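Peer 1: In the order they appear, the protein sequences are chains E and R. Take any residue in the first sequence, note its place counting from 1, add 9, and you have its number in this note's numbering. Take any residue in the second sequence, note its place counting from 1, add 2, and you have its number in this note's numbering. Have a look at the structure that comes next, please.
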Amino acid sequence: MPLTATTVVVPIDFSAESPRAIAAALEIVARPDGLHLVHVMPPLETMSPGFLVGDITEESRTRKVTEALTKLATETGATAAILVALIGTPGLEISDYSRRQQADLIVIPSHGYHGVKRLFLGSVAERVIRHAACNVLVVRRSDAE
Amino acid sequence: MLTCRSLILPWGLLWGACLTGPPLLASEPAAATAEAAEGPIADVAVEAGGATVAEVIDARFGVVVGWMEAVLFWEPVKAVPIPLIVLILLCGSIFFTVYFGFLNIRGFKHAIDITRGRYDNPDDPGEISHFQALTSALSATVGLGNIAGVAVAIQMGGPGAVIWMMLIGLFGMTAKFNECTLAQVYRKVHPDGTVDGGPMHYLEIGLQQKGFPFLVAKLFGLVFAVFCIGGSFGGGNMFQANQATTAIRGMIGDAARLDWLIGGVLAFFVGLVIIGGIRRIGQVTEKIIPLMCGIYVLAGLVILVMHARQIPAAAVLIVQSCVAPEAIFGGFVGVMVQGIKRAVFSNEAGVGSAAIAHAAAKTDEPVREGMVAMLGPFIDTVVICTMTALVVIVSGAYQEPAAGEGVEMTRWAFADTISWFPIILNISVLLFAYSTMISWSYYGEKAWQYLFGSSRRAVIIYRSIFLGFIVLGAISSLENVISFSDLMILSMAFPNVIGGVILAPKVKSLLVDYWTRYRHNEFVTYD
Numbered sequence: 010m011p012l013t014a015t016t017v018v019v020p021i022d023f024s025a026e027s028p029r030a031i032a033a034a035l036e037i038v039a040r041p042d043g044l045h046l047v048h049v050m051p052p053l054e055t056m057s058p059g060f061l062v063g064d065i066t067e068e069s070r071t072r073k074v075t076e077a078l079t080k081l082a083t084e085t086g087a088t089a090a091i092l093v094a095l096i097g098t099p100g101l102e103i104s105d106y107s108r109r110q111q112a113d114l115i116v117i118p119s120h121g122y123h124g125v126k127r128l129f130l131g132s133v134a135e136r137v138i139r140h141a142a143c144n145v146l147v148v149r150r151s152d153a154e
Numbered sequence: 003m004l005t006c007r008s009l010i011l012p013w014g015l016l017w018g019a020c021l022t023g024p025p026l027l028a029s030e031p032a033a034a035t036a037e038a039a040e041g042p043i044a045d046v047a048v049e050a051g052g053a054t055v056a057e058v059i060d061a062r063f064g065v066v067v068g069w070m071e072a073v074l075f076w077e078p079v080k081a082v083p084i085p086l087i088v089l090i091l092l093c094g095s096i097f098f099t100v101y102f103g104f105l106n107i108r109g110f111k112h113a114i115d116i117t118r119g120r121y122d123n124p125d126d127p128g129e130i131s132h133f134q135a136l137t138s139a140l141s142a143t144v145g146l147g148n149i150a151g152v153a154v155a156i157q158m159g160g161p162g163a164v165i166w167m168m169l170i171g172l173f174g175m176t177a178k179f180n181e182c183t184l185a186q187v188y189r190k191v192h193p194d195g196t197v198d199g200g201p202m203h204y205l206e207i208g209l210q211q212k213g214f215p216f217l218v219a220k221l222f223g224l225v226f227a228v229f230c231i232g233g234s235f236g237g238g239n240m241f242q243a244n245q246a247t248t249a250i251r252g253m254i255g256d257a258a259r260l261d262w263l264i265g266g267v268l269a270f271f272v273g274l275v276i277i278g279g280i281r282r283i284g285q286v287t288e289k290i291i292p293l294m295c296g297i298y299v300l301a302g303l304v305i306l307v308m309h310a311r312q313i314p315a316a317a318v319l320i321v322q323s324c325v326a327p328e329a330i331f332g333g334f335v336g337v338m339v340q341g342i343k344r345a346v347f348s349n350e351a352g353v354g355s356a357a358i359a360h361a362a363a364k365t366d367e368p369v370r371e372g373m374v375a376m377l378g379p380f381i382d383t384v385v386i387c388t389m390t391a392l393v394v395i396v397s398g399a400y401q402e403p404a405a406g407e408g409v410e411m412t413r414w415a416f417a418d419t420i421s422w423f424p425i426i427l428n429i430s431v432l433l434f435a436y437s438t439m440i441s442w443s444y445y446g447e448k449a450w451q452y453l454f455g456s457s458r459r460a461v462i463i464y465r466s467i468f469l470g471f472i473v474l475g476a477i478s479s480l481e482n483v484i485s486f487s488d489l490m491i492l493s494m495a496f497p498n499v500i501g502g503v504i505l506a507p508k509v510k511s512l513l514v515d516y517w518t519r520y521r522h523n524e525f526v527t528y529d
């Protein structure tokens, strides 16, 4: 039975794996505007020089992320997708956002690290799987180590 | 699931054991670094089974300090008693200076042009301008090291130590160039415009690119991050809080009972910026620091003018004490070691901390920011530290038993010339301490994020601990704790200088390319 979903959330970390996750989500989502591309930013560092004396603000960060999401969506043919910039811990924010949007599916890329690299780099995908209220599709990297 | 936290556990257990283990006998004060804890220090009123809480904590830290000193101050050549860490810093700085063809001299004018904004392209990736990066880095380095540390160097090493401070300040310029260029090369510019950079990143990525196994490269980054966090709680926090409290007591009278309150107020104001996100306070502080540096140097100049007749004799004394030092100062090597240690504590060249701030500069030319960073040790050590040193020497404070130690000695020198000058000194101490704490909280948090991630919970835990250490620093007479934190800052130089030497060929090739284009006027200017 082919997999279809009305609302699909794709966490975006702008890695090389992100376009593959978007492509997979586009095949599954019923309508292109049911696709949500979500990037989670860490909390603003209030003592960073960029905030204290530079021009880094919550607004500037959200604007730049939205620009980057727009560029990615255009490049991957997901121009109708809803673009979202959130602040917090990626795994938890993605799960919470998906719950609020009553998403049917989360499509998340996995870096596919093993061994020592896996030990250090951790996994947002694992955290999403643990906390998500809906199905989660993990898109494996083709050359996963 | 195993994470990097597992690898940090032994360090955490060590720390925990020191804090919670059975009562220890009071350990020997850390002789080699106790001089860092200059200035009158408050007593702690809280009793814990006969010993104060501070004494108990201090004794625990004494054990760790002993171990760290055994490594850092190990003297590899018995005939020439130079501690290992001083040797690494000295040799590293000289190596960088020679390897980059005395860039500290030939690139000085260009560095000033860059800092003036001549090459600032607002569209370049990054958070802040070259000038803002320099002032941000200076707000961390210009602190008690410039006021109290210099007095300690003269006290422990005699007037001759000033020459070594200046020399290491000059050589340290190229060490700073190397680390800040590397920070730019290997920084991560995030989609939201923020930047992550610093030794943790360039050691990990750069060493892998040089062919080192992932685990070895990661270990360099991890070790640096752990030391950086320790340094941020200690030298970048407790030491500053302690001396700021001393300055406030100097203004309002000796009221040790108020130390809790002073510490609480300091923590509150730092908390307004680092937890409350009150941008305005941080902005004002960052802008006041260059002004305060100027006022401090001006006050020093006034004192020198008023003692103009003593200056030639002071200069002769400094040179004589350097080449033919008195035995009381440990001979030639003893004077050199004191000068180098205090200079590095002040300008942090080779330590790698400033590279975290310089990584945020807007540029697509890593070498360009490295050149701006070179000015840091020059301003910090060659200008400000030398000013303090001359004031202490020409006023005779270093020979005056009533002058006290550390910041007290500098204050005596100021008061001896013009009675109200200590007010300038006290305000400088307060502002320098405040800005240093904010800047170091950023360095520490970056290292913390490297270890524990950048989740909201992780950063709040770090910031809360940081604020707690401010109160602890204000109330306590924790010589070992402060020695420990100073040692942590020095320890950062281990992975940073060794990794920096390994990665120097990369910087050299970038420099050669940059300098060629600069000589051919290929750069766009924005005058």
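Positions of the beta carbon are idealized from the N, C-alpha and C atoms, including for glycine. Fair warning: this is a prediction, and the values are worked out from it, not measured in the lab.
Closer than 8 Å by C-beta to Ile283 of chain R: which residues in its own chain qualify, once you throw out the five before and the five after it? Chain order, please.
Peer 2: Once the five neighbours on either side are set aside, the close Cβ partners of Ile283 of chain R are Phe271, Leu274, Val275.
Peer 1: Compile a chain-ordered list of the residues in the segment 45-67 of chain E whose CB is closer than 8 Å to at least one CB of chain R.
Peer 2: Result list: His48, Met50, Pro51, Pro52, Leu53, Glu54, Thr55, Met56, Ser57, Pro58, Gly59, Phe60, Leu61, Val62, Gly63, Asp64, Ile65.
Peer 1: Would you say the beta carbon of Ser141 of chain R is closer than 7 Å to some non-hydrogen atom of the ligand MG?
Peer 2: Among the ligands in the structure shown, none appear at all, so the ligand MG cannot be discussed.
Peer 1: If I measure Cβ to Cβ from Asp198 of chain R and keep anything under 6 Å in the same chain, skipping five residues before and after, which residues do I get?
Peer 2: Hits under 6 Å: Lys190.
Peer 1: Determine the direct distance from the alpha carbon of Arg251 of chain R to that of Val503 of chain R, and round the result to whole angstroms.
Peer 2: Going by the C-alpha atoms only, they are around 44 Å apart.
Peer 1: Would you call the CB atoms of Thr15 of chain E and Gly43 of chain E closer than 8 Å?
Peer 2: Yes, these two residues count as a Cβ contact at 8 Å.
Peer 1: Exposed or buried, Arg521 of chain R, counting other C-beta atoms within 10 Å across all chains shown (16 or more means buried)?
Peer 2: The residue is exposed, with fewer than 16 neighbouring Cβ atoms inside 10 Å.
Peer 1: Mind the definition here: the segment 20-35 of chain E touches the segment 167-176 of chain R only if three or more C-beta pairs lie below 8 Å; say whether that holds.
Peer 2: Judged by Cβ distances under 8 Å, the segment 20-35 of chain E makes no contact with the segment 167-176 of chain R, as fewer than three pairs qualify.
Peer 1: Considering only residues of the segment 457-524 of chain R, which uninterrupted alpha helix (DSSP H) runs meet the minimum length of 4 residues and lie entirely inside it, listed in chain order?
Peer 2: Segments of the alpha helix (DSSP H) lying fully in the segment 457-524 of chain R: 458-477, 481-493, 495-521.
Peer 1: Going by the beta-carbon positions, is the gap between Ile491 of chain R and Val353 of chain R smaller than 8 Å?
Peer 2: The answer is yes: Cβ separation under 8 Å.
Peer 1: What residue range is occupied by the uninterrupted beta strand (DSSP E) comprising Leu114 of chain E?
Peer 2: Where Leu114 of chain E is concerned, the enclosing beta strand (DSSP E) stretches over 114-119.
Peer 1: Closest to Ser2 of chain R by C-alpha separation, out of R:Ala345, R:Thr117, R:Phe179, would be which residue?
Peer 2: Residue 2 of chain R lies beyond the range of chain R shown here (3 to 529); nothing can be said about it.
Peer 1: When the Cβ atoms of the segment 112-120 of chain E are set against those of the segment 79-93 of chain E, are three or more pairs found closer than 8 Å?
Peer 2: Not touching, per the Cβ criterion.
Peer 1: Please state whether DSSP places Arg149 of chain E in a helix, a strand or coil.
Peer 2: Correct three-state label for Arg149 of chain E: strand.
Peer 1: Note down, in chain order, all residues in the segment 112-132 of chain R with a beta-carbon under 7 Å from any beta-carbon belonging to chain E.
Peer 2: Within the segment 112-132 of chain R, the residues whose Cβ lies closer than 7 Å to some Cβ of chain E are Glu129, Ile130, listed in chain order.
Peer 1: Taking the straight line between their C-alpha atoms, what separation do you get for Val335 of chain R and Lys111 of chain R?
Peer 2: The straight-line gap from Cα to Cα measures roughly 33 Å.
Peer 1: Kindly say whether Tyr400 of chain R, judged by its beta-carbon, lies nearer than 8 Å to any beta-carbon of chain C.
Peer 2: Considering every chain present, this structure includes no chain C. Its protein chains are E and R.
Peer 1: Decide if Ile231 of chain R is buried, meaning its Cβ has at least 16 other Cβ atoms within 10 Å, or exposed.
Peer 2: Ile231 of chain R should be labelled buried.
Peer 1: Residues in the segment 162-195 of chain R with C-beta within 8 Å of chain E's C-beta atoms, listed in sequence order?
Peer 2: For the segment 162-195 of chain R, which is checked against every Cβ of chain E, the residues closer than 8 Å are His192, Pro193, Asp194, Gly195.
Peer 1: In the DSSP assignment, what residue or residues form a beta bridge with Val18 of chain E?
Peer 2: DSSP output for Val18 of chain E lists E:His45, E:Ile115 as bridge partner(s).
Peer 1: Between which two residues does the alpha helix (DSSP H) containing Ala361 of chain R stretch?
Peer 2: Premise fails: Ala361 of chain R is in no alpha helix (DSSP H) and is neither H nor E.
Peer 1: Under three-state DSSP, which class holds Ala50 of chain R?
Peer 2: Note that Ala50 of chain R has pLDDT 46, beneath the 50 cutoff, so the model's placement of it is unreliable and no number is given.
Peer 1: Output yes if chain E places a C-beta closer than 8 Å to the C-beta of Gly279 of chain R; else output no.
Peer 2: For Gly279 of chain R, the answer is yes, since a Cβ of chain E falls inside 8 Å of its Cβ.
Peer 1: Is it right to say Val473 of chain R is buried, meaning 16 or more other beta carbons lie within 10 angstroms of its own, or is it exposed?
Peer 2: The residue is buried, with at least 16 neighbouring Cβ atoms inside 10 Å.
Peer 1: Who are the Cβ neighbours of Glu67 of chain E in its own chain at under 7 Å, not counting the five residues just before and after it?
Peer 2: Around Glu67 of chain E: Leu53.
Peer 1: Rounded to the nearest angstrom, how far is the Cβ of Met50 of chain E from that of Ala94 of chain E, given a contact under 8 Å?
Peer 2: Confirmed, Cβ separation roughly 6 Å.
Peer 1: Taking the continuous alpha helix (DSSP H) assigned at Ala435 of chain R, which residues delimit it?
Peer 2: 423-454 is the extent of the alpha helix (DSSP H) around Ala435 of chain R.
Peer 1: Quick one: which chain R residues come within Cβ less than 7 Å of Ser69 of chain E?
Peer 2: In chain order: Gly195.
Peer 1: Just the C-alpha distance for Ile320 of chain R and Ala301 of chain R, rounded to the nearest angstrom, thanks.
Peer 2: In a straight line, the C-alpha of Ile320 of chain R is about 21 Å away from that of Ala301 of chain R.
Peer 1: Mapping the DSSP letters down to three states, classify Ile105 of chain E as helix, strand or coil.
Peer 2: Before going on, a small fix: residue 105 of chain E reads as Asp here, not Ile. In this structure, Asp105 of chain E counts as helix in the three-state DSSP scheme.
Peer 1: Helix, strand or coil: which one does DSSP assign to Leu53 of chain E?
Peer 2: In this structure, Leu53 of chain E counts as coil in the three-state DSSP scheme.
Peer 1: Apart from the five residues on each side of it in sequence, which residues of its chain come closer than 7 Å, Cβ to Cβ, to Ala155 of chain R?
Peer 2: Only Ala163, Met167, Gln340, Gly341, Arg344 meet the Cβ criterion.
Peer 1: Out of curiosity, what's the CA-to-CA distance linking Leu46 of chain E and Arg150 of chain E?
Peer 2: Spanning the two alpha carbons is a distance of roughly 19 Å.
Peer 1: Going by beta-carbon coordinates alone, are Met373 of chain R and Phe179 of chain R separated by less than 8 Å?
Peer 2: Taking 8 Å as the Cβ cut-off, Met373 of chain R and Phe179 of chain R qualify as a contacting pair.
Peer 1: May I have a chain-ordered list of the alpha helix (DSSP H) segments no shorter than 4 residues that lie completely inside the segment 136-220 of chain R?
Peer 2: Complete alpha helix (DSSP H) runs here, min 4: 152-159, 163-187.
Peer 1: Just the Cα atoms here: how many angstroms apart are Asn239 of chain R and Leu469 of chain R?
Peer 2: Cα to Cα, the separation comes out at about 9 Å.
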